[in-house]
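The next block holds one structure in the form of structure tokens; read it before the comments.
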Amino acid sequence: MSKEFVCIVCPNSCRLTVSEKDDEITVTGNDCKRGIDHGISEYKNPLRMITSTVAILGGTLPRLPVIGTGEIPKTRMNDCLDEIYGVSVSAPIKRGEIIIQNIKDTGVDIVASRSMNKKER
Amino acid sequence: MISVKADIVVIGGGPAGLAAALKARQLGAEKVILIERDTELGGILQQCIHDGFGIHRFGKRLSGTEYAQEFIDQTERSDIEIKLDTIVLDVTPDRMIYACNSLEGMFEIQAGAIILAMGCRERTASQVLIYGDRPTGVLTAGAVQRYINMEGYLPGSRAVILGSGDIGLIMARRMTLEGISVLGVYEAMDKPGGLTRNLVQCLDDFDIPLHLATTVTKVHGHERVEAVTIAKLDKNRKPILETQERIECDLLVLAVGLIPENELSRNAGIEIDPATKGPVLDNTFMTSVPGIFAAGNVAVVFDLVDYVSLSGEIAAQGAMDFLNGKIDCDEPYQKVETGENVSFIVPQRVRPSANKTTFFMRVKSSEKTALLECTADGESVLEKRCRYIAPPEMLTFDLSCCGSKPLEVSMKKEEKL
Amino acid sequence: MDIESINKIKKTLKKNFPDVELKMDSDERGILTLKGECRDWDQVVQIGHLVAKQKGVKNVVNKLRVPGLDIPCKDYSDYIAMGNKLGVVDDVDVVIIGAGISGCGIARELAKYKMNILVVEMSDDVATGATKANNGNIHPGHAAKPGTLKAKLNVEGNRMYTKWAEDLGFELQRCGAMGFVTSNLLKPALKVAYNQAVKNGVDGAALIDGKTACQIEPGLVKNGLGKAVKQAFWLPTMGLVEPFQVAVALAENAASNGVRFWFNCTVADVITESGKVSGVVTNKGIIKAKYVINCAGVYADEVSAMAGDECYTIHPRKGVIAILDKAKAPEYGALCEHVTMETIKLTLKNKKSQTKGGGMCRTPEGNVLMGPSAKEVPDKEDLATDSESLGYAMGRGDNGIQYSDIIRFFVGSRPADYKEDFVIEMSPISDGVINVGGIQSPGLASAPAIAKMVEGIVAQHAQDNGRPIEKKTDWQPIRKRKPQFRQLSHEEQGELIKKNPSYGKVICRCECITEGEILDAIHSSVIPCSVDAIKRRTRAGMGRCQGGFCQPRVLELLARECGKEWTDINLNKEGSNILVKSNRPVASVKEAKK
């Protein structure tokens, strides 16, 4: 079995082919060593940063942006987003405050990516 | 009318203005005023919730909001005077600023030096000559980003995006994650405008097709967008009629370029460079009007926020030098010419006495390898090998001494490296 | 019409269009109804025009069709059903159909009288048709064909605008217009134009020498034409307005004098009983009325037909106008045209094909306007722009204007009839129905005179029918102009903010429009409900970023002040809400885990 990826480690954009045979993974098409690690990672368990918003009550804006403390498996993205979409928080919030701990057991926390004050009335 | 004095007034509280104000204060400016027209600091970064900001400056991939927060926290801790919800109506060549807000009314500030950091605006449907009807559902990428990320509303359910720069690509992913089905990204040029990373993570990850050398020619719909017509473009970038195709959608998102906001600059009589659409700057990022400086996207549209902050700091240093009488405004300029494969360069001119000068430039066409060369009256003063240069990616280099000879910067093709 | 005249017309048609099989009916008024099949739409229009020109023809009802060409026709049946279901919802003296410049002007004029007046408008606001999409010229009246109603009302209307602007508080710039020649050979062309102006009774029209022309218009010297100008045709009464501002001012004044406005209300039928009108059927119910004044723009022919009087056909002629960035300053203070051999030829050609347009103009705010173009289209709702028309509007490329100077381009549709004149009269078939049709250029300039004329028709009719109308004692002709922050000095701006802090908050950055101005508009006597309606009243969103920055703020203000959800705020018409839904469910408050 083999898969193709465009390498994003540097602007060269090598077209990587990652093949698996007898439990051995090989990467071809890479111009440099870094492409091998990237290829294997994309093949085995591609990771993505998660960023989104949650509803916030009483804040200066109705949405609070959030970010993961690390990357999550690409395949878990929708699962995690579903949980994020169901959450709402109250102002004030400080950047870095944990909104969801260890989201969907990925080991990643979802934190506020900005501070938000209470809206003055 | 209230009348105040300040050493340095920064107009615009986005990344350029924040960096400039902080730097000016650090360099010893006693009274720094930062004027922001929105209700909070941070500028457009507050709607950029995606990550990828600050790799150069912080060595990690922050979200736009995190990047802004770093600077906002520092600014709020400082004694910089922040005026929010305040609009500058006029800037005069003798550095008088007229501004107003609801709390203080009209006021004038006599500034020792001014740093313009108003940012940029987006090109619109009329500016890219999209014909047809004018229904609801045609929005710029920035407006959609604000509605979704900050206000929490979706402006449609089936979207077509025009423009494959990073903003268009980022919005393709954002809208998809919010449940809007993105039917495709269309790009008039024959190469994508954005970074490969974004092509992979914003389009490929979601199987969103990218159509190169194709554009939206028409919008259809009476109340709401019902469809758009797309067409392939020929070599002269004219639509090929036989390739026209109708795509049913209810939202057209335009990510078709940014233009520096220079209305205040123009009224102050500042000379504008037609290539950058920002003020003509010197090595201190001073405009053609002594004591008025420019930083960030008002000077030239940058691609990385790290460079925006850097430009703010350069302008702050210049403004402090001006304040301390270290700039001889009568010293004649040396023009910096753009040579082979260079579409623009900032600063556009330097003074012979300039120390280290940081230049920002873009190339006209992509090359795998190239030689950046700076010559003074034909003699090479700087050579730098570059890999994978492309028009969307800004290049920067330092020149330790500019000298008194006319400079020219070129990007020469190199067969072998 | 007599057989002889009809035969003559038939002969002319056969000569000009030998392949077209035509059926022609006429009535005693000289209304000719054409039926048959044509090659294309252009031919339909050409035949209509040719017939309208013939002796004895009062107007043309053109039912010519083109095989294979689907001519969209508004289907009123749903509206009728809705109206009948709701039954009679109101009983008034006058129903005015359409809140364009004519409808608003007439409403304001009739508001003087003790009458119950209702304006019904199919769209969401005043001035949404031809009124909003023209170049705002208050023409002197030199261009209209002598002897036409257009010529008469244009000259009168132009005169009346000064008073209108004073009373109603809108900006009128009497910039003047000048046609100049740089060759002595072309002087006769100016003379011809001058003679026509004199014939129409245009005030102040004059032929002046080059030196005088340069004194009046310093831009000529600036452009290096100081010595070259040989003679000029000067029209000092040419004026400029923002047309939607005029309509809003009229409507607001009318409303404060008791006239009511119903928007999103489409008239689907006109009820007549034994030759007398008794009301209209709309999607909002049946409205009983003694007078029905038809100012329905491109739909005026259909409304007249609803009343049983099919007496003209509106053939929409759309025009593209491009607005340029204010950074591209107009060259002249007056509207100037360099008359050359080429422009004369073009004018003659355009006259032949009934197209009018082209040229450079400006708004009172100083935006250069290019166009309009002119294109006959079968669909009244076709307001689509196209590259060919924009190209025409932008001129031949020798005017220093570039496409990159454009901030917006749009289409307006001229509601033209085949006589290419105004149709303003009491219907002889349906008593009480007053047609105000075919109001295309110079309809804006003529608006005060049109209103006056309709006032006369109503007053006379009422008198004749033994129920003379009586003037109110408390009629208030003055509408005070609201503050316009951008036009004040810094000191005045300061004073204004002191009085009301909301003027210290600028919402539209490009045009410098404050929250105070937007709130003034929202709390006026004719409430704007959409983002575009706010734009027309305040200019918010009219600048170079086209609302990119201020649209969310305008939306927020509209929602807040009108007590609506963000998703209920329309761009313009019903069903044009900008935002579709909220992206997060309103969940229960769950505190963030610390």
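Protein chains in written order, with the numbering used here: chain A, 129 to 249; chain B, 647 to 1063; chain C, 3 to 596.
Glycine is no exception: its CB is placed at the ideal position from the N, C-alpha and C atoms.
Because the structure is a prediction, the values reported are computed rather than measured.
CB contact below 7 Å: residue i versus chain A
i	result
Met647 of chain B	no
Gln720 of chain B	no
Gln715 of chain B	yes
Val582 of chain C	no
Tyr1034 of chain B	yes
Gly798 of chain B	yes
Glu712 of chain B	yes
Which of helix, strand or coil DSSP assigns to residue i
i	result
Arg176 of chain C	coil
Ile136 of chain A	coil
Gln233 of chain C	strand
Asp653 of chain B	strand
Cys338 of chain C	strand
Asp303 of chain C	helix
Arg819 of chain B	helix
Arg769 of chain B	coil
His51 of chain C	helix
Ala859 of chain B	coil
Asn137 of chain C	coil
is_contact[residue i, chain C] using C-beta, thresh 7 Å
i	result
Ala219 of chain A	no
Arg804 of chain B	no
Pro801 of chain B	yes
Ile807 of chain B	no
Arg792 of chain B	yes
Glu824 of chain B	yes
Ala666 of chain B	no
Thr861 of chain B	no
Val656 of chain B	no
Ala787 of chain B	no
Whole-number beta carbon distance between residue j and residue i, since they are thought to touch under 8 Å
i	j	result
Glu977 of chain B	Arg997 of chain B	5 Å
Asp407 of chain C	Leu337 of chain C	About 18 Å; that fails the 8 Å criterion.
Ala763 of chain B	Gly942 of chain B	5 Å
Phe939 of chain B	Ala759 of chain B	7 Å
Arg94 of chain A	Val155 of chain A	Within the shown structure, residues of chain A are numbered from 129 to 249, placing residue 94 of chain A beyond reach of any answer.
Ala307 of chain C	Ile316 of chain C	The pair is not a contact, with the Cβ atoms about 11 Å apart (cut-off 8 Å).
Asp680 of chain B	Ile743 of chain B	It is Leu, not Asp, that sits at residue 680 of chain B in the sequence shown. Not confirmed; about 12 Å, so no contact.
Proximity test, Cβ basis, 7 Å: residue i and chain B
i	result
Phe411 of chain C	yes
Arg586 of chain C	yes
Val137 of chain A	no
His492 of chain C	yes
Ile509 of chain C	no
Ile238 of chain A	no
Tyr134 of chain A	Per the sequence presented here, residue 134 of chain A reads as Val, with Tyr not at that position. So, interface residue.
Arg162 of chain A	no
Subject >> Length-filtered (3 minimum) beta strand (DSSP E) runs lying within the stretch 83-129 of chain C >> reply: 90-99 and 119-122
Subject >> beta strand (DSSP E) segments (min. 3 residues) lying fully within the stretch 416-501 of chain C >> reply: 425-428 and 435-439
**OP:** Run through the stretch 933-996 of chain B for me and flag every whole beta strand (DSSP E) of 3 or more residues, listed as ranges in chain order.
**Re:** 938-940, 980-984 and 988-992
**OP:** Could you name each continuous beta strand (DSSP E) segment of 3 residues or more that falls completely within the stretch 153-204 of chain A, going from the start of the chain to the end?
**Re:** 179-185 and 191-196
**OP:** With 9 Å as the limit, tell me which residues of the stretch 744-756 of chain B have their beta carbon closer than that to any beta carbon of chain C; keep them in chain order.
**Re:** Tyr744, Cys746, Asn747, Ser748, Leu749, Glu750, Gly751, Met752, Phe753 and Glu754
**OP:** Identify each residue in the stretch 758-778 of chain B for which the Cβ-Cβ distance to at least one residue of chain C is less than 7 Å, and report them in chain order.
**Re:** Arg767, Glu768, Thr770, Ser772, Gln773, Leu775, Tyr777 and Gly778
Subject >> alpha helix (DSSP H) segments (min. 4 residues) lying fully within the stretch 496-583 of chain C >> reply: 517-524, 533-540 and 553-564
Subject >> Contact residues within the stretch 374-396 of chain C, judged by C-beta distance below 8 Å to chain B >> reply: Glu383, Leu385, Ala386, Thr387, Asp388, Ser389 and Leu392
**OP:** Select from the stretch 868-895 of chain B all residues with a C-beta closer than 8 Å to any C-beta belonging to chain C, and list them in chain order.
**Re:** His868, Glu869 and Arg870
Original post:
Which full runs of the beta strand (DSSP E) of 3+ residues lie inside the stretch 893-940 of chain B, going along the chain?
Top reply: 897-900, 904-906 and 938-940
**OP:** Return the chain-ordered ranges of every beta strand (DSSP E) run that is complete within the stretch 6-88 of chain C and spans a minimum of 3 residues.
**Re:** 24-28, 33-39 and 61-67
Original post:
Of all the residues that make up the stretch 169-192 of chain A, which are near chain B by a beta-carbon distance shorter than 8 Å?
Top reply: Arg176, Met177, Thr179, Ser180, Thr181, Ala183, Thr188, Leu189, Pro190 and Arg191
Original post:
What residues in the stretch 682-710 of chain B have a beta carbon less than 9 Å from any beta carbon of chain C?
Top reply: Arg683
Subject >> Contacting positions in the stretch 905-930 of chain B - beta carbon closer than 8 Å to chain A >> reply: none
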